[in-house]
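Student: Taken in order, these protein sequences are the chains called A and B. Okay, so the first sequence: first residue is 1 according to the numbering used here, each after it adds one. Okay, so the second sequence: first residue is 1001 according to the numbering used here, each after it adds one. Have a look at the structure that comes next, please.
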Amino acid sequence: MKMKNKADVVIVGGGVNGCSLAYQLAKKGLDVVLLEKKYICSGATGRCGAGIRQQWSTKENTMLAMESVKIFEKLSRELGFDIGLRQGGYLIVVHDKKEMRQAEKNVEMQKTLGLDVSIIDSDEIKEIVPILDVKGMHAIAATFCPTDGHADPFKTTFAYAMAAKKEGATILTHTPVIRVLKEKNAVKGVKTNKGEIKAPVVVNAAGVWSKKVAETAGINLPNQPYRKEIMVTERIKPMFEAMVISFKDGIYFSQQDEGQILGGIPNPHERKGYLTDPTFSFIQHMSKTLLRYAPPLGYLRVIRHWTGFYDVSPDARPIIGEDDKVKGFIHCHGFSGHGFMLSPMVTKLLTEYIADGKTSPFLEWLSLERFKGKTIQKEVSVVG
Amino acid sequence: MRIKKHPILEFDREKKLRFYINGKELYGYEGETISAALFANGVTTFSRSLKYNHPRGFFCGIGKCSSCLMTVNGIPNTRTCITPLKDGVEVKTQDAYADLPETKHKRHKKKVINTDLLVIGGGPAGLSAALEAAKHGVNVLLVDENPILGGQLIKQTHKFFGSREEKAGTRGVEIAQQLRKEVEKQENIRVFLKSTVFGYYECEQNHCFGMVKRREDYTEEIYELHCKSVIFACGAMENMLAFPGNDLPGVYGAGGVQTLMNVYGVKPGRRVLMVGSGNVGLIVSYQLLQADVDVAYIVEGLPKIGGYHVHAAKVRRCGVPILTSHTIVEAYGNERVEGARIAKVGKNWSIIPGTEMDVKCDTICLAVGLTPSIRLLSQTGAEIRFIREAGGHVALHNKNMETTVPGVYVAGDGSGIEEASTAMLEGKIAGFSAAYKIKNKAFDSKPLKLYHEELERLRDGPFGVKGRKAKEKIAVQWSDKR
Ligand SMILES: Cc1cc2nc3c(=O)[nH]c(=O)nc-3n(C[C@H](O)[C@H](O)[C@H](O)COP(=O)(O)OP(=O)(O)OC[C@H]3O[C@@H](n4cnc5c(N)ncnc54)[C@H](O)[C@@H]3O)c2cc1C
Ligand SMILES: Cc1cc2nc3c(=O)[nH]c(=O)nc-3n(C[C@H](O)[C@H](O)[C@H](O)COP(=O)(O)OP(=O)(O)OC[C@H]3O[C@@H](n4cnc5c(N)ncnc54)[C@H](O)[C@@H]3O)c2cc1C
């Protein structure tokens, strides 16, 4: 069978962002081809914690996340497939006065945007997650937003991909894009291992490999790869629904619907370089910290532990929108460890731009050009 | 359900132990696992499944699956099929989930072991590998998750085929005993039983693994292992078959049933339907008869019997019908198997209407092949390929049993399903090669050549065909890679 050789839009990457875009663009009537070098969810999406949080330190991220949650809430119905959304809240631990000041500032800002969020004391912490040891984790308080939560990253992405196909999109797995084709300063298509596909628009949603894809179009991205490790335990009776996180310790963990505890933490002994193997030091540091937070979990065995990469931009915010030098080259990367939760809104904005030419202040705020010459406002509420 | 009289085996039941299931008092014997003791008392439901609340019980008998998980002395999700029974132990069934215990968790400090060679798996391949390497002067750490060394040999009561050098004519249990004794004599082999190697980790030099050792009080200790070379001799897992009712207690792996009978002296049931007529299906059927258990039928999907003729003739003589071109359609029962329906199959395994038959039985034994255990091995990054004749996915390896990752070797069923005799030879080759590499010595090719010749002889016979094909394919794909 010959591969399709023409399309309105080519999307590089079959993660949550690529698949969501494929669905939305196809729904708008565009001829879409999505190319994935391995299989759907083989990148960061299939390795992530899939937490969905609206408690951010910048107004823009908070707004993006809040809009995304509104979309997530209706997504199962829209796609005709259960994405496994559960809104059990995010409990963000506050350890000291300095963190308290930041928490107060954040909560105040988040409330002006209409977010249901509050600062809670140790009794309330114990009510929400009874197994926590408030003393052990050195908490003085926490912030809590009950509509935060998580979804199943596989189900979400497969649901998008299936819906995209129904809308007429073509999805080709095991088809790496070798090069983006250009004519003068405009995109002309892509070259794959199976031949060329002509298209006036190419979306770079290749996750941590976006830098490489952009290079083939002569674009230099500031993104950096960071190895991240994550683990899951065996099942145990459901005890809590919230995601517990601490910016200071870097830990995050939650209990999945089926009873597993899933979580991660940065490895204090992390080495430099593009390393993909899991480390023994992670598992030790993770279990030590986890047991300080929730001592009874000591009886649980870890059943899996794997690595993935954060694709980190200089200000830890995504990079989206059309390139200002190469026409038709669309950025959709730099998610810095929160690309699952922001995907609904980010891909909606990009769809409206590609299909209808609609711009938005967000696109400007998240453009690649923001790094040129200006001082950057870094997102500080980052874990993992 | 305990076997009292057996033509070959004797079961040592000297020390009686008291234990509790959901608070009810029962008795077992020292040397039994918790699963075996429960089984002997007629308890076949160990837990309930998460989604549909189906009963779950024993299945593989060697710690490879999660069917037998129970709460033991408060510790959740314990694999009772490889956990020894202790006096006074409290066992609880798990209803979809286990509870966390109230008691405070006792943490053991992590320990670190450095060794020349790590051998994972103490079956015929691992035992032979460890012995060979130790003879050449390297320090060996030999790890197995079961309470006894010997792998599948410890349940094989029949006399082995193969060559005299590889102990043909001897019973599997006796081969295991001989190898165990030799291992005990070697000072530079350190053995860890009831210990599982669970993960491969990043390491700047050498190789790094995590291991967990199960202690007498059922708590666990963590070890960080560092080694220069490693031999994976992890054996194989039994295949499952898809049919309605296949998750009922009473549907067991044939190897699992063999373990229960021949290691612990416990009968799996009263009347068995055997699915599969390969050697495993035939031999286990005969062993069931020896344990005074009825075998209703042996059904075989293919038009002809898969195993050796001597084995088939033996069970036929005992009056067990072997139905070729037949398969199991369904298992039925409430809390456990009460019967099965079987039928004749035509081309493409389609069931021929009107040939369905009801079989009254309380046990269904699946002897439908083995799959190499490569999950741990694959973490090393060794190149894995699907080779049908090898039984599934296996690591590419060269003649010296080294994989595409330097210092990582394979041997035995884990490198392609064959037999104990070939497993022992592959173990010797891997042990020899690893030892020479560690010692940084030039190869003395003489003993190696002998082992290779012996292997070829074994694979030359009519029953070596599959193994030979598998190894040929692996060799071709290996050289394509270079
Ligand atoms: C351990 C971990 C935990 C995380 N936890 C969270 C969390 O709790 N919440 C959250 O919101 N985010 C989390 N993230 C981040 C999140 O996973 C990512 O931001 C998000 O999944 C990015 O999705 P994506 O579709 O942009 O990229 P990816 O999922 O990485 O997909 C990119 C795809 O592109 C393909 N590709 C690459 N190059 C090519 C090419 N040349 N041709 C064709 N295809 C190509 C890749 O194979 C890959 O499938 C976590 C990440 C990690 C690693
Ligand atoms: C019914 C039956 C009859 C047979 N008859 C014959 C015969 O007549 N002649 C013949 O030559 N062969 C026969 N065989 C085949 C023979 O038993 C196997 O081929 C042989 O046991 C394979 O040896 P092995 O060492 O590769 O694996 P195994 O014997 O399966 O040993 C592997 C060991 O590794 C351990 N292990 C695995 N992973 C880990 C880990 N991560 N950590 C710690 N330990 C681990 C396992 O617990 C196991 O004890 C028969 C097999 C069966 C089932």
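We treat Cβ as the ideally placed atom computed from N, Cα and C, and that holds for glycine. Note that the structure is predicted; figures quoted are calculated from it, not measured.
1. Say yes only if the C-beta of A/Glu36 is nearer than 8 angstroms to one or more non-hydrogen atoms of ligand 1, and no if none qualify.
2. Just the chain A side, please: which residues come within less than 7 angstroms of B/Lys1194 by C-beta, in chain order?
3. What residue does the alpha helix (DSSP H) around A/Asp31 start on, and which one ends it?
4. Rank B/His1136, B/Cys1234 and B/Asp1413 by C-alpha distance to the C-alpha of B/Asp1444 and give the top, closest one.
5. If you draw a straight line from the alpha carbon of B/Gly1256 to that of B/Pro1372, how long is it in whole angstroms?
6. Could you say which of A/Gly14, A/Thr112 and A/Tyr90 lies nearest to A/Thr448 if we only look at CA atoms?
7. Give a yes or no on whether 9 angstroms exceeds the smallest Cβ distance from A/Arg301 to chain B.
8. Under DSSP, the alpha helix (DSSP H) around B/Lys1446 begins and ends at which residues?
9. Would you say the beta carbon of B/Pro1462 is closer than 8 angstroms to some non-hydrogen atom of ligand 2?
10. At what residue ranges does the region 193–225 of chain A contain a whole run of the alpha helix (DSSP H), taking only runs of 4 or more?
11. So B/Leu1085 and B/Phe1019 are in contact, right, with Cβ under 8 angstroms, and what is the actual spacing, rounded?
12. Taking 9 angstroms as the CB-CB cut-off, is A/Thr279 touching chain B?
13. Anything in the region 257–270 of chain A with a Cβ closer than 7 angstroms to a Cβ of chain B? List those residues in chain order, please.
14. What would DSSP say about B/Ser1047, mapped onto helix, strand or coil?
15. I want to know whether the region 261–270 of chain A touches the region 225–239 of chain A - three or more CB-CB distances under 8 angstroms.
16. With 9 angstroms set as the bound, which would you pick, yes or no: does the beta-carbon of A/Pro153 sit closer than that to a beta-carbon of chain B?
17. From what residue to what residue does the beta strand (DSSP E) around A/Gln260 run?
18. Quick one: what's got a C-beta closer than 8 angstroms to A/Val326's C-beta in the same chain, skipping five residues either side?
19. Please find out if some non-hydrogen atom of ligand 1 comes closer than 8 angstroms to the beta-carbon of A/Arg86.
20. A/His305 touches chain B at which residues, Cβ-Cβ below 8 angstroms?
21. Considering only C-alpha positions, which residue in the set A/Thr173, A/Ser287, A/His269 and A/Asp82 is nearest to A/Met3?
22. Evaluate contact between the region 103–110 of chain A and the region 44–60 of chain A, counting only Cβ atoms and requiring at least three cross-stretch pairs below 8 angstroms.
23. Taking only beta-carbon atoms, is B/Asp1099 less than 9 angstroms away from chain A?
24. Output, in chain order, the set of chain A residues within a Cβ distance shorter than 8 angstroms of B/Ile1075.
25. Could you tell me whether the region 1120–1139 of chain B touches the region 1248–1262 of chain B, where touching means 3 or more Cβ pairs closer than 8 angstroms?
26. According to DSSP, simplified to helix, strand and coil, what is B/His1207?
27. Using 10 angstroms around the beta-carbon of A/His392, count the other beta-carbons present and answer buried if the total reaches 16, otherwise exposed.
28. What does B/Gly1057 reach in chain A if we use C-beta pairs closer than 7 angstroms?
29. Could you check whether the Cβ of A/Thr62 sits closer than 8 angstroms to any heavy atom belonging to ligand 2?
30. Name, going along the chain, the residues of the region 1208–1230 of chain B whose beta-carbon falls closer than 7 angstroms to a beta-carbon of chain A.
31. Compute the distance between the beta-carbons of B/Gly1150 and B/Val1173, then report whether it is under 9 angstroms.
32. B/Leu1131 and B/Lys1428 - do their beta-carbons sit closer together than 9 angstroms?
33. Please say whether B/Tyr1286 and B/Cys1318 have beta carbons closer to each other than 9 angstroms?
34. Return the chain-ordered ranges of every beta strand (DSSP E) run that is complete within the region 1017–1067 of chain B and spans a minimum of 3 residues.
35. Spatial neighbours of A/Met239 within its chain, please: C-beta separation below 7 angstroms, excluding the five flanking residues on both sides.
36. How is the alpha helix (DSSP H) around A/Trp365 delimited, first residue to last?
Tutor: Concretely, from the data shown:
1. If you number the first sequence from 1, residue 36 of chain A lands on position 36. Within the cutoff, so yes.
2. Residue mapping note: residue 1194 of chain B aligns to position 194 of the second sequence, counting from 1. Under the 7 angstroms cutoff, chain A gives no residues; its nearest Cβ is about 15 angstroms from B/Lys1194.
3. Here residue 31 of chain A refers to the residue found at position 31 of the first sequence. A/Asp31 -> no alpha helix (DSSP H), and no H or E assigned at all.
4. For the purposes of this step, residue 1444 of chain B is taken as the residue at position 444 of the second sequence. It is B/His1136.
5. Taking the second sequence and counting its residues from 1, one reaches residue 1256 of chain B at position 256. Taking the second sequence and counting its residues from 1, one reaches residue 1372 of chain B at position 372. Spanning the two alpha carbons is a distance of roughly 16 angstroms.
6. Since the first and last residues shown for chain A are 1 and 384, residue 448 of chain A lies out of range.
7. Position 301 of the first sequence holds residue 301 of chain A. Yes, A/Arg301 counts as interfacial toward chain B.
8. Taking the first residue of the second sequence as position 1, residue 1446 of chain B is located at position 446. Run containing B/Lys1446: Ser1445 to Asp1460, per the alpha helix (DSSP H) assignment.
9. Walking along the second sequence from the start, residue 1462 of chain B turns up at place 462. It does not: the Cβ of B/Pro1462 is nowhere closer than 8 angstroms to a heavy atom of ligand 2.
10. 210–215
11. Numbered from 1 along the second sequence, position 85 holds the residue referred to as residue 1085 of chain B. Numbered from 1 along the second sequence, position 19 holds the residue referred to as residue 1019 of chain B. Their Cβ separation, rounded to whole angstroms, is 6 angstroms, which keeps B/Leu1085 and B/Phe1019 in contact under 8 angstroms.
12. Taking the first sequence and counting its residues from 1, the one referred to as residue 279 of chain A is at position 279. Cβ-Cβ to chain B under 9 angstroms: yes for A/Thr279.
13. Glu258 and Gly259
14. As a first step, residue 1047 of chain B is located in the second sequence; it is residue number 47 there, counting from the start. Here B/Ser1047 sits in strand by DSSP.
15. yes
16. For the purposes of this step, residue 153 of chain A is taken as residue 153 along the first sequence, with counting starting at 1. With 9 angstroms as the cut-off, A/Pro153 does not count as an interface residue toward chain B.
17. Numbered from its first residue, the first sequence carries residue 260 of chain A at position 260. Segment Gln260 to Gly264, the beta strand (DSSP E) holding A/Gln260.
18. Residue numbering aside, residue 326 of chain A sits at position 326 when the first sequence is read from its first letter. The answer, listed in chain order, is Lys182, Asn185, Ala186, Val187, Ala217, Gly218 and Ile219.
19. Residue mapping note: residue 86 of chain A aligns to position 86 of the first sequence, counting from 1. No, the Cβ of A/Arg86 stays beyond 8 angstroms of every heavy atom of ligand 1.
20. Your numbering for residue 305 of chain A matches position 305 in the first sequence. Those within 8 angstroms of A/His305 in chain B are Gly1199.
21. Working through the first sequence from its first residue, we reach residue 3 of chain A at position 3. The shortest Cα separation from A/Met3 among A/Thr173, A/Ser287, A/His269 and A/Asp82 belongs to A/Thr173.
22. yes
23. In the second sequence, the residue the question calls residue 1099 of chain B occupies position 99. Closer than 9 angstroms: yes.
24. Here residue 1075 of chain B refers to the residue found at position 75 when the second sequence is read from its first residue. Here the neighbours are Tyr299.
25. no
26. Residue numbering aside, residue 1207 of chain B sits at position 207 when the second sequence is read from its first letter. Reduced to three states, the DSSP call for B/His1207 is strand.
27. Absent from the structure is residue 392 of chain A, since the part of chain A shown begins at 1 and ends at 384.
28. As a working mapping, residue 1057 of chain B is identified with position 57 in the second sequence. Chain A residues near B/Gly1057: none, gap ~18 angstroms exceeds 7 angstroms.
29. In the first sequence, residue 62 of chain A corresponds to position 62, counting from 1. Not under cutoff, so the answer is no.
30. Cys1208, Gly1210 and Glu1224
31. Taking the second sequence and counting its residues from 1, one reaches residue 1150 of chain B at position 150. Taking the second sequence and counting its residues from 1, one reaches residue 1173 of chain B at position 173. Yes, these two residues count as a Cβ contact at 9 angstroms.
32. The residue labelled residue 1428 of chain B in the question sits at position 428 within the second sequence. The residue labelled residue 1131 of chain B in the question sits at position 131 within the second sequence. Contact: yes.
33. Position 318 of the second sequence holds residue 1318 of chain B. Position 286 of the second sequence holds residue 1286 of chain B. In contact: B/Cys1318 and B/Tyr1286 (Cβ atoms closer than 9 angstroms).
34. 1024–1029
35. For the purposes of this step, residue 239 of chain A is taken as the residue at position 239 of the first sequence. Same-chain partners within the cutoff: Pro130, Ile131 and Gln255.
36. What you label residue 365 of chain A is simply residue 365 of the first sequence in a count that begins at 1. A/Trp365 -> alpha helix (DSSP H) spans Pro361 to Trp365.
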